[in-house]
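Inspection log for the structure reproduced underneath, given as structure tokens.
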Amino acid sequence: MNMKICVLAGDGIGQEIMVQAEKVMNKVCDQYQHDLEISYGLIGGAAIDQTGVPLPEETISTCSDVDAILLGAVGGPKWDDIDKSIRPEKGLLGIRKEFDLFANLRPAILFPELKQASLLRPDIVSNGIDLLVVRELTSGVYFGEPRGEEIRNGRRVAFNTMIYSEDEVRRVARVAFDAARKRSSKVCSVDKANVLDVSQLWREVVIEVAGEYPDVELSHLYVDNAAMQLVRDPSMFDVIVTSNLFGDILSDEAAVITGSLGMLPSASMGDKKPALYEPIHGSAPDIAGKDLANPLATILSVAMMLKHSFSLDAEAEIVEAAVKNVLAQGYRTGDIMSSGMKQVGCQEMGDLVVQAIQG
Ligand code: NAD
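In our numbering, the protein residues as written are 413 to 771.
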């Protein structure tokens, strides 16, 4: 297969984790005879330094020509006081908007080897955690109009609009049902249909879409209940599909209960290519350039890319198995270190995963 990828390393640890991800991509492509064509672009603070803006036109045009984008992280103290309109994070929002990446896939996985890292009681995580939050990313209350602040009756008021069209719900629901088919075939749709009109439409449309997927089991939870169930019994979930606001909160909750920020990948996708793959953590300026970063979230993002952008499920599983294998051998970066384990740096962790990738 011919794979065209654009690497946007970004800032902070973005640079060093991306080197490890590239090593893994090259190894997989060598081993399975895929042609890998990598281009590079600037984003975030690195782009501001060189071009004055966080998402240069050149980056957009390079990305327009590829199947998938692999992104490191953006931001850092150097750009904290910069004009709001060109902050590094604008690069991320801009790229999602440019390619209409409306579905954000955030797996929360607790590897058995890292059970002690979970914030939950051992009896609660005895079944492990392996769920996927599919969050609508480009609509809902974060983008709805009208929005703003004004004076009414002499007082300041501020308002936003939570709005979804049926098409927006339908397309993200389909992403969730498709993803469920590659997992345990269960979708839980999270809303607040007891209070919000927008959630009532959300629920109606999700039920309509479920008719296209008779092999997938659909359930519904109100968002307050879903937040509780996530910490009470995360093993009850397979795929959660929800709106932008609820997904923002639930995906972070699901991530934090695993206890390992450096282990979690994500994907953002639209109807067309390119899709975007990135670790969920930030640029970790406190450890940047010290060979301390955990590259596994980025390497697992490569696995998601192989699966979702290229339908190379076997290759994706081989990368995931290599990560598990390295953890099972007791190797840990500092962020997931525990007693009795062998601490390694970012580069060595990348090398170990490459070695563990077997045919
Ligand atoms: P962060 O995720 O960068 O770091 C939080 C903590 O986790 C830090 O102590 C860091 O050292 C540690 N950490 C994160 N990733 C790690 C890894 N792979 N290996 C080992 N340790 C890791 O979040 P923050 O400190 O709130 O933000 C730092 C910068 O990153 C800010 O400028 C923020 O805006 C930006 N940020 C970017 C993204 C993104 O690019 N998607 C996401 C979140 C934050």
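Think of the CB as a built atom: it goes at the ideal place given N, C-alpha and C, for glycine as much as any other residue.
Proximity test, residue i beta-carbon vs the ligand MN heavy atom, cut-off 6 Å
i, result
"residue 728", "Questions concerning the ligand MN fall outside what the structure shown contains, since the ligands it does hold are the ligand NAD."
Residue i Cβ short of 6 Å to the ligand NAD heavy atom set
i, result
"residue 696", "yes"
"residue 699", "yes"
"residue 706", "yes"
"residue 513", "no"
"residue 544", "no"
"residue 485", "yes"
"residue 688", "no"
"residue 446", "no"
"residue 488", "yes"
"residue 659", "no"
"residue 764", "no"
"residue 747", "yes"
Terminal residues of the beta strand (DSSP E) in which residue i lies
i, result
"residue 545", "541 to 548"
"residue 463", "Per DSSP, residue 463 belongs to no beta strand (DSSP E); it is in the alpha helix (DSSP H), 456 to 463."
"residue 681", "677 to 681"
"residue 624", "Taken as a continuous stretch (DSSP letters only), residue 624 belongs to no beta strand (DSSP E), as it is neither H nor E."
"residue 697", "No beta strand (DSSP E) contains residue 697, which DSSP labels as neither H nor E."
"residue 689", "687 to 691"
"residue 562", "560 to 564"
"residue 416", "414 to 422"
"residue 450", "447 to 452"
"residue 484", "480 to 485"
Same chain, Cβ closer than 7 Å to residue i, neighbours up to 5 away in sequence not counted
i, result
"residue 588", "546, 599, 651, 653"
"residue 563", "none"
"residue 423", "456, 457, 458, 485, 486, 487, 488, 500, 695"
"residue 621", "582, 585, 586, 589"
"residue 707", "429, 432, 433, 758, 761, 762"
"residue 697", "424, 488, 489"
Cutoff 6 Å; reference residue i; Cβ partners in own chain excluding five residues on either side
i, result
"residue 439", "766, 769"
"residue 626", "none"
The alpha helix (DSSP H) enclosing residue i, as first and last residue numbers
i, result
"residue 720", "708 to 720"
"residue 665", "656 to 670"
"residue 773", "Examination of residue 773 is not possible in this model, given that the chain is present from 413 through 771 alone."
"residue 727", "725 to 740"
Examine the Cβ distances between the segment 660 to 672 and the segment 452 to 469 and report whether three or more of them are shorter than 8 Å. Counting Cβ pairs under 8 Å, fewer than three are found: no touch.
Would you call the segment 622 to 641 and the segment 532 to 543 in contact, with 3 or more CB pairs under 8 Å? Remark: fewer than three beta-carbon pairs, one from each stretch, lie closer than 8 Å, so the segment 622 to 641 and the segment 532 to 543 are not flagged as touching.
Counting beta carbon pairs with one atom in the segment 476 to 483 and one in the segment 518 to 525, are three or more of them shorter than 8 Å? Contact annotation: the segment 518 to 525 does not touch the segment 476 to 483, with fewer than three C-beta pairs closer than 8 Å.
Count the CB pairs spanning the segment 734 to 746 and the segment 506 to 519 that are closer than 8 Å, and state whether there are at least three. Short answer: they don't touch.
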